[in-house]
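In our numbering, the protein residues as written are 1 to 442.
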């Protein structure tokens with residue numbers, strides 16, 4: 001009967017056999033992988049089963065070096081006409097016969113053919129210098145290859161020139177080819193024609209006409225009252241006109257011509273500015289007529305009609321600070337204290353107010369703060385009034401009054417206010433008892 005212990009032993013044996021088989025398989029795989037992908041060794045070429053290309057046998061003929069003696073002179077190499085070129089042909093019994101010309105084409109050229117061996121250096125001359133190899137072909141040169149089936153011609157062997165036949169000629173500069181420049185197109189030649197010199201024009205009549213134009217421009221500027229509305233440009237025109245007249249008297253007509261033109265331009269500029277200023281003044285005069293009428297209505301206590309006329313004028317001239325201040329004071333005194341206060345705020349932001357007027361506006365603000373019970377605001381505004389107009393005693397009295405009221409407000413109720421007694425001078429008897437003022441702190 002198979003027990004549990006036997007089953008356990010059988011399972012262990014089966015596992016051992018499976019592990020052994022897996023180890024053998026892994027070992028065999030590693031060996032096959034190593035033989036396949038291992039690098040080639042020199043000794044393993046003979047055992048390699050892969051076919052190797054057999055090199056084609058070529059015929060090479062090594063020249064015998066020439067060793068001249070001390071007394072012998074090197075003989076010139078034979079010319080192509082004196083020597084016969086021997087063409088070695090490989091004997092192959094199995095290959096078909098090939099013509100000699102094709103066999104020469106199939107063989108590679110002999111690199112040592114046509115090279116003259118250098119003479120042997122004399123005794124005691126130093127080591128032989130290396131012979132420079134033949135120049136290689138320049139990189140980038142494409143070799144022409146013959147199509148299949150066409151036999152290329154045999155390369156020509158280089159010809160060695162004997163030393164006795166060489167003629168040393170001095171180096172000459174490379175000849176430059178003469179560049180033929182085409183002749184320019186035929187242009188008509190203008191022959192100079194002798195003419196009389198152009199006479200200089202007489203500038204006196206031109207200067208006289210320029211003076212007439214300057215006088216006409218000055219008359220036009222005078223008619224537009226340019227000396228009143230644009231005095232700067234008008235005075236500049238007069239100055240330049242005086243320089244032009246001086247140049248005219250000295251017969252410097254070119255300078256006089258230029259000065260007359262400048263003076264005429266200055267007179268015309270002053271006239272145009274005067275026209276603009278006059279139109280603006282006329283508009284202001286028409287608008288100011290409304291202010292005069294408003295003042296007349298206010299004097300007759302017709303404040304509503306005066307209010308309408310003041311508003312119309314300030315729409316046309318909103319930057320008139322004087323009329324704006326006048327309108328704000330009328331509002332505060334006669335119509336509306338709140339509207340007058342807002343108009344004073346706008347007036348204070350306008351340019352052109354005098355320091356006295358600014359002090360008056362701040363005094364108005366101080367009065368408004370005092371009415372509302374804000375004594376600190378009243379003190380601040382009256383201080384600003386005193387800064388703009390420090391010589392006005394009303395602002396100083398008003399400031400002292402506000403400060404006393406503020407001090408009374410901050411004092412607790414029920415406490416009597418004692419004013420400090422005037423300080424007597426030292427040595428004065430205080431009363432009839434004969435007590436001196438020594439007990440009074442100095």
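All C-beta atoms, glycine included, are put in the ideal place defined by N, C-alpha and C.
Return the CA-CA distance between residue i and residue j, expressed in angstroms with no decimal places.
i, j, result
"residue 290", "residue 205", "56 Å"
"residue 253", "residue 260", "10 Å"
"residue 226", "residue 239", "15 Å"
"residue 298", "residue 365", "23 Å"
"residue 202", "residue 271", "32 Å"
"residue 301", "residue 346", "25 Å"
"residue 18", "residue 10", "12 Å"
"residue 46", "residue 36", "Confidence at residue 46 is low in this model, with a pLDDT of 42, below 50, so its placement is unreliable and the value that follows should be read with caution. The alpha-carbon atoms of residue 46 and residue 36 are separated by roughly 16 Å."
"residue 387", "residue 395", "10 Å"
"residue 276", "residue 403", "54 Å"
"residue 295", "residue 237", "43 Å"
"residue 496", "residue 212", "For residue 496 there is no data in the structure shown, the boundaries of the chain being 1 and 442."
"residue 16", "residue 27", "17 Å"
"residue 449", "residue 292", "Here the chain covers residues 1 to 442 and nothing more, so residue 449 does not appear."
"residue 342", "residue 319", "16 Å"
"residue 251", "residue 350", "56 Å"
"residue 29", "residue 8", "32 Å"
"residue 399", "residue 336", "26 Å"
"residue 373", "residue 401", "14 Å"
"residue 31", "residue 3", "43 Å"
"residue 6", "residue 23", "26 Å"
"residue 381", "residue 243", "59 Å"
"residue 20", "residue 14", "10 Å"
"residue 371", "residue 409", "15 Å"
"residue 285", "residue 255", "44 Å"
"residue 25", "residue 12", "20 Å"
"residue 357", "residue 334", "20 Å"
Take residue i as the anchor and find which of the options has the nearest alpha-carbon.
i, options, result
"residue 280", "301, 316, 20 and 309", "316"
"residue 267", "220, 332, 403 and 390", "220"
"residue 340", "350, 21, 325 and 30", "325"
"residue 355", "390, 344 and 343", "390"
"residue 223", "319, 284, 278 and 31", "278"
"residue 368", "401, 332 and 32", "332"
"residue 269", "284, 231 and 243", "231"
Going by the CB atoms, is the gap between residue j and residue i shorter than 8 Å?
i, j, result
"residue 363", "residue 330", "no"
"residue 327", "residue 314", "yes"
"residue 359", "residue 392", "yes"
"residue 234", "residue 214", "no"
"residue 352", "residue 378", "no"
"residue 273", "residue 229", "yes"
"residue 245", "residue 207", "no"
"residue 384", "residue 406", "no"
"residue 338", "residue 264", "no"
"residue 210", "residue 257", "yes"
"residue 361", "residue 344", "yes"
Kindly indicate the opening and closing residues of the alpha helix (DSSP H) around residue i.
i, result
"residue 383", "375 to 388"
"residue 231", "231 to 249"
"residue 215", "204 to 223"
"residue 336", "Element bounds for residue 336: n/a, residue is neither H nor E."
"residue 3", "Element bounds for residue 3: n/a, residue is neither H nor E."
"residue 410", "393 to 410"
"residue 305", "303 to 316"
"residue 351", "First-last for residue 351: undefined, no H or E at that position."
"residue 300", "Per DSSP, residue 300 belongs to no alpha helix (DSSP H) and is neither H nor E."
"residue 252", "First-last for residue 252: undefined, no H or E at that position."
"residue 372", "355 to 372"
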